[in-house]
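If you read the protein sequences in the order shown, they are chains V and L.
Counted from 1, the first sequence has number 322 at position 212 by the numbering used here; the numbering is strictly sequential.
Counted from 1, the second sequence has number 301 at position 191 by the numbering used here; the numbering is strictly sequential.
Contents: one structure, followed by commentary.
There are 2 protein chains.
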Amino acid sequence: MFIVQKFGGTSVGSAQRIRAVAARVAKRVQAGDQVVVVVSAMGHSTDELVGLSQAVSSTRNNREMDALLATGEQVSTALLAMALQDLGVEAASFTGWQAGVRTEPVHGAARIEAIDPQPVRTYVDGGGVPVVAGFQGIAAGAVTTLGRGGSDTTAVALTAALKADLCEIYTDVDGVYTADPRMVATARKLTDISYEEMLELANLGTQVLHPRAVETAKRHGVNVVVRTSFADTEGTVITDMASMEGLRVVTGVAFEKEVARIALVGMPRSERQLADVFTALADSQVNVDVIVQSVVKSETVDVSFTVQEADVERTLAICERSRERIAYKELLHETGLSKISIVGAGMISNPGVAAQMFAALEAVSAQVWMVSTSEIKVSCVIDQRHLKSALDSVHESFALHQE
Amino acid sequence: MFIVQKFGGTSVGSAQRIRAVAARVAKRVQAGDQVVVVVSAMGHSTDELVGLSQAVSSTRNNREMDALLATGEQVSTALLAMALQDLGVEAASFTGWQAGVRTEPVHGAARIEAIDPQPVRTYVDGGGVPVVAGFQGIAAGAVTTLGRGGSDTTAVALTAALKADLCEIYTDVDGVYTADPRMVATARKLTDISYEEMLELANLGTQVLHPRAVETAKRHGVNVVVRTSFADTEGTVITDMASMEGLRVVTGVAFEKEVARIALVGMPRSERQLADVFTALADSQVNVDVIVQSVVKSETVDVSFTVQEADVERTLAICERSRERIAYKELLHETGLSKISIVGAGMISNPGVAAQMFAALEAVSAQVWMVSTSEIKVSCVIDQRHLKSALDSVHESFALHQE
Numbered sequence: 111m112f113i114v115q116k117f118g119g120t121s122v123g124s125a126q127r128i129r130a131v132a133a134r135v136a137k138r139v140q141a142g143d144q145v146v147v148v149v150s151a152m153g154h155s156t157d158e159l160v161g162l163s164q165a166v167s168s169t170r171n172n173r174e175m176d177a178l179l180a181t182g183e184q185v186s187t188a189l190l191a192m193a194l195q196d197l198g199v200e201a202a203s204f205t206g207w208q209a210g211v212r213t214e215p216v217h218g219a220a221r222i223e224a225i226d227p228q229p230v231r232t233y234v235d236g237g238g239v240p241v242v243a244g245f246q247g248i249a250a251g252a253v254t255t256l257g258r259g260g261s262d263t264t265a266v267a268l269t270a271a272l273k274a275d276l277c278e279i280y281t282d283v284d285g286v287y288t289a290d291p292r293m294v295a296t297a298r299k300l301t302d303i304s305y306e307e308m309l310e311l312a313n314l315g316t317q318v319l320h321p322r323a324v325e326t327a328k329r330h331g332v333n334v335v336v337r338t339s340f341a342d343t344e345g346t347v348i349t350d351m352a353s354m355e356g357l358r359v360v361t362g363v364a365f366e367k368e369v370a371r372i373a374l375v376g377m378p379r380s381e382r383q384l385a386d387v388f389t390a391l392a393d394s395q396v397n398v399d400v401i402v403q404s405v406v407k408s409e410t411v412d413v414s415f416t417v418q419e420a421d422v423e424r425t426l427a428i429c430e431r432s433r434e435r436i437a438y439k440e441l442l443h444e445t446g447l448s449k450i451s452i453v454g455a456g457m458i459s460n461p462g463v464a465a466q467m468f469a470a471l472e473a474v475s476a477q478v479w480m481v482s483t484s485e486i487k488v489s490c491v492i493d494q495r496h497l498k499s500a501l502d503s504v505h506e507s508f509a510l511h512q513e
Numbered sequence: 111m112f113i114v115q116k117f118g119g120t121s122v123g124s125a126q127r128i129r130a131v132a133a134r135v136a137k138r139v140q141a142g143d144q145v146v147v148v149v150s151a152m153g154h155s156t157d158e159l160v161g162l163s164q165a166v167s168s169t170r171n172n173r174e175m176d177a178l179l180a181t182g183e184q185v186s187t188a189l190l191a192m193a194l195q196d197l198g199v200e201a202a203s204f205t206g207w208q209a210g211v212r213t214e215p216v217h218g219a220a221r222i223e224a225i226d227p228q229p230v231r232t233y234v235d236g237g238g239v240p241v242v243a244g245f246q247g248i249a250a251g252a253v254t255t256l257g258r259g260g261s262d263t264t265a266v267a268l269t270a271a272l273k274a275d276l277c278e279i280y281t282d283v284d285g286v287y288t289a290d291p292r293m294v295a296t297a298r299k300l301t302d303i304s305y306e307e308m309l310e311l312a313n314l315g316t317q318v319l320h321p322r323a324v325e326t327a328k329r330h331g332v333n334v335v336v337r338t339s340f341a342d343t344e345g346t347v348i349t350d351m352a353s354m355e356g357l358r359v360v361t362g363v364a365f366e367k368e369v370a371r372i373a374l375v376g377m378p379r380s381e382r383q384l385a386d387v388f389t390a391l392a393d394s395q396v397n398v399d400v401i402v403q404s405v406v407k408s409e410t411v412d413v414s415f416t417v418q419e420a421d422v423e424r425t426l427a428i429c430e431r432s433r434e435r436i437a438y439k440e441l442l443h444e445t446g447l448s449k450i451s452i453v454g455a456g457m458i459s460n461p462g463v464a465a466q467m468f469a470a471l472e473a474v475s476a477q478v479w480m481v482s483t484s485e486i487k488v489s490c491v492i493d494q495r496h497l498k499s500a501l502d503s504v505h506e507s508f509a510l511h512q513e
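Here it is, written out as C-alpha cells:
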C-alpha cells in the first residue's frame, strides 16, 4: 500500500517522541508499504518563534513571520529523517518548496494551488521515505504558510497529488466519536464517517481535523484515517457517502459551550441595513454563527444571532455605532448559552429528526432559544446549565452508543 | 556607499541585540548608504540544534544536519528583517537559496561556487535592505552549509558578486591587534593590514576572521573592515599591499598555546614512506602544522612535526600502526610547547628579521625547538612556560606598540 502519514506537533514534541514516530514509520516500511511522512513543527516551537518575533518588533510582517515559522517544520523533518536513518530506513527531509507545494501568493494563510508530485514521487520510488514539512509552501520565490489546519491539508493534498491509497492523520485523539467522551460517558468511536458529516462536525467545534483538510479530502476523494500515535488502536475512516454501508440518520452530537445571543429588535424592513451590520462585524473578525430573522409586525423585523461569548462587548459596540443607520428600537444580549448540534448524512431523508431532537431537549427541560438547520445538521441554542444533560439525552435518544 | 555588513552569532544573540543591530543598520540607511546585511544564527541556536540531532540519532547524516542547521540563520534573518521594518526600514529576509548562493554538492563544508547577485541586487536597488542568511547555500536542490567561517565567507563573496564598495565584518573584537591584548599589555589595534598578513595571522590562530573569508577577499580584491557591533570604534581595514602606505617589516605577533612535537627518528631515506604517514594523519583529521626534516647521517632521516596537544594520542597510534612500513628507529613526543610567530609583508626584503626574533627569544631564555618560515612569517616552537615573556619580548623588540 502507498500511504501518506501525517504526525502533528504533539506527536513530534520531543526527541523521544520523534524516535517513537520513526519506529512506527519503519514498521510500515518493513511491512512492504510505501510511506510518505508529513510533519508539523515540534510542540512548542511555534510559540517560541512567535515570542521572539514579538520581542524584536511591535509590528507584524507576514512575509517574515512565514519565513520564521517555516523553520519549525524544517527542524522536525530533518530530525525525523535522521531518526529514520538511525533505524536503517533511507529517508530525506523536504521543505515545502522542495516538495513542490505551490500556494497562492498570500502570507499567513495561503491556500495550496498545486503540488508537483515529482520530487517526492522520485524519492519514494527509489525506496526512500520522504519526510515533508507540512503547513508551508512557496509562492513567487517566497516561503508561505498555510495557516490553521495547514499540516493536515498538506498531507491530504499530497495524498491526492501522489495518487496514494490512504492518508493517515496521527493526532492526540484516537478517532472521531459520536460525542465528546469528556461530556458523554457512553460516547462511542466511529468506524467511519462521510466527508460531509465530518465537515459539519469540524465546523461545529470538533477539533479532530480542520475543515480545510476535510474539504480538500472531499474534493479529491482522498480516504483519510484519523488515529492516535500514542497507541495501536484503529482510528476512524473519513470517506465518501457512497462507499459507506448504509447511512446513519444521526452520526454524532457536537457542541459549543460558550455562546451569546444578540438581538436587534424593531428594525424597519430593509435588507441593505442588515447587510451593513454583518459586514461591520466581519470586518472586525467577529464570527457570527447562527442567524435567525423573524417578522413580528408587518413593518418591522427582529434579527438575532449568536457570537462567541468573548466577542460580546465588541459586537455590542459595533451595533451601537450603527444604531442610526440600522434604526433598530432595542439592542438585547444574553450570555450563558450553549449550542448543541446533531449531524448525520441520513437526516436528509428523515423528516422527524429535528422533532426527535426537540423532544430529547424538552425531556431535560432545556428550552430552545434558536434553531438552525442544514441538510445534514440541526443546531439548537440552549441554556449552558442544561448542556451536559442535553448532550446525554440527545445521544441516548438517537441510540448513538449502539453500533 | 554600497556596503555589505555581516553580524555574527554573538551580535544577534538575543532579541535585544537584534534590535541594536537593526538600529545600527538603520542609521547607515538613513545616512544614504545602500546596505546588504548577512547574519549568522543566534548565539546558542546551533548548539541546541546539534543537541536535538544527537538525541534522535546515534549516527550522523550530513544532508539532514545541513537542513537542520540552516534553520538557525533563517530565524535570525527573519527576526532582523522584522526589527528593521519596526524602525521604518524596508527589509526582507533571504535564505541561501533565495539569495542565489550556489555551492558545490557537498554537505557540512561546501565551498561557494557562484552567487547570482540578481535577487539581492533587485531588492537593494528598490530601496530595501536584504537580510541574507550566511553559512548556507544550495546545490542540486538541497540545502548545504559552508562549515567554519561560512558566514564571513558568504559576506565577502556577496560583496564581490554585488560589486559593493566594502564588506564590514561585525564581531566581538574591535579589530586586528599587533598581538593578543590579553597576553601583551602594549598590543595596539592596527588601522590596516594586507590580505597576506591577515591570512598568516588567521592561520596562526588569530580568531578575528576565518582564513577562507580572507582568501575569498584577496581573490576578488574585496575591501574588508573588521569592527565590533558593541561600540562605535573604528576597526581594521584588510586590503591589498599595493594600497597600503609603506609596508611594516613586522605587523603582528601570533601564537598557539598548546602544541606538541612528534619526532620519527632514524628512518631510511625514502620520500614515499614519509608521504604515507602524513596521508594517514590527514585521513584521520589530524592537523599537522610545522614540519622539519633534517638529515643526520647519510643513510637515515629524522622528521619532526607539530600537532595540537589534543591530537597527540591519536597521532602516536597512527605512527605506531605504520612502524613497519616507515621503518623508523624511535618515535618521540613532547608536550607543553607553544608556537610563536611574527607576520609582516615587509619581511620579504629584510633578511635580519628571523635573527632579531631569535635574539628576542634568547633574551628571555626561551629555547627554540623548531623553526618554520614563509616569505612573510617566522614561526618558532618554544616551551609553553616561556610563552608570555616571549610574546612581550618579541612585541617590544619590533616596537609594535608604536604607530
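Glycine is no exception: its CB is placed at the ideal position from the N, C-alpha and C atoms.
Original post:
Do you know whose CA, among A271/V, Q208/V, L300/V, A289/V, lies nearest L497/V's CA?
Top reply: A289/V
Original post:
What's the C-alpha gap between T301/V and A165/L?
Top reply: 37 Å
Original post:
How would you list, in chain order, the residues of chain V whose beta-carbon sits under 8 Å from the beta-carbon of V185/L?
Top reply: L159, L162, L178, T181
**OP:** Residues of the region 190 to 224 of chain V with a CB closer than 7 Å to any CB of chain L: list them in chain order, please.
**Re:** A191, M192, A193, Q195, D196, A202, S203, Q208
**OP:** Could you please give me the residues that DSSP links to G247/V through a beta bridge?
**Re:** T254/V
Original post:
Using a beta-carbon distance cut-off of less than 7 Å, what residues from the region 223 to 248 of chain L approach chain V?
Top reply: none
Subject >> Cβ-Cβ separation, V422/V to W445/V (assumed contact under 8 Å), whole Å >> reply: It is Thr, not Trp, that sits at residue 445/V in the sequence shown. About 6 Å; that satisfies the 8 Å criterion.
Original post:
Between N313/L and chain V, is there a C-beta pair that is closer than 8 Å?
Top reply: no
**OP:** Please look up how many angstroms separate the CB atoms of M457/L and V359/L, rounded, as I've assumed it's under 8 Å.
**Re:** 6 Å
Original post:
What residues in the region 118 to 130 of chain L bring their beta carbon closer than 7 Å to a beta carbon of chain V?
Top reply: A125, I128, R129
**OP:** Tell me A201/V's beta-bridge partners as DSSP assigns them.
**Re:** V239/V
Original post:
In its own chain, which residues sit with a C-beta less than 6 Å from the C-beta of S203/L, not counting the 5 before and 5 after it?
Top reply: T187, A188, A191, V241
**OP:** Count the other CB atoms, across all protein chains shown, that sit within 10 Å of the CB of K137/L; report buried if there are 16 or more and exposed otherwise.
**Re:** exposed
Subject >> Bridge partner(s) assigned by DSSP for M480/L >> reply: V491/L
Original post:
Which residues, in chain order, does the region 253 to 264 of chain V contribute to contact with chain L at a C-beta distance below 7 Å?
Top reply: none
**OP:** Let me know if K487/V comes out buried or exposed under the rule of 16 or more other beta-carbons within 10 Å of its beta-carbon.
**Re:** buried
Original post:
Quick one, which of S167/L, L162/L, V185/L has its alpha-carbon nearest V149/L's?
Top reply: V185/L
Subject >> Burial state of H154/L, where buried means 16 or more other Cβ atoms lie within 10 Å >> reply: exposed
Original post:
Comparing the C-beta of E485/V with each C-beta of chain L, is any distance below 8 Å?
Top reply: no
Subject >> Minimum C-alpha distance to R379/V - residue among L162/V, I401/V, G362/V, D412/V >> reply: D412/V
Original post:
What first and last residue would you give for the beta strand (DSSP E) that runs through E430/L?
Top reply: Taken as a continuous stretch (DSSP letters only), E430/L belongs to no beta strand (DSSP E), being part of the alpha helix (DSSP H) at 422 to 431.
**OP:** Would you mind telling me which residues of chain L sit closer than 8 Å to A250/V, beta carbon to beta carbon, in chain order?
**Re:** In chain order: nothing, as chain L lies at least about 11 Å away.
Subject >> Which listed residue (I222/V, L510/V, V453/V) has its alpha carbon closest to that of L311/V >> reply: V453/V
Subject >> is_contact[N172/L, chain V] using C-beta, thresh 8 Å >> reply: no
Subject >> D176/L burial status per 10 Å Cβ neighbour count (16 or more: buried) >> reply: buried
Subject >> Delimiting residues of the beta strand (DSSP E) encompassing E366/V >> reply: 362 to 378
Subject >> DSSP state of S168/L mapped onto helix, strand, coil >> reply: coil
**OP:** Name the one or two DSSP bridge partners that Q115/V has.
**Re:** V147/V, E278/V
**OP:** Verify whether the separation of the beta carbon atoms of V283/V and T338/V is less than 8 Å.
**Re:** yes
Original post:
Can V147/L and Q115/L be called in contact, C-beta distance under 8 Å?
Top reply: yes
Original post:
With 8 Å set as the bound, which would you pick, yes or no: does the beta-carbon of S167/L sit closer than that to a beta-carbon of chain V?
Top reply: yes
**OP:** Could you name the residues of the region 135 to 157 of chain V whose beta carbon sits closer than 7 Å to any beta carbon of chain L, in the order they occur along the chain?
**Re:** none
**OP:** Examine the Cβ distances between the region 224 to 232 of chain L and the region 197 to 214 of chain L and report whether three or more of them are shorter than 8 Å.
**Re:** yes
Original post:
Across which residues does DSSP place F415/L in a beta bridge pair?
Top reply: I372/L, I401/L
Subject >> Within chain V, partners of A188/L - CB distance below 7 Å >> reply: E174, A177, L178
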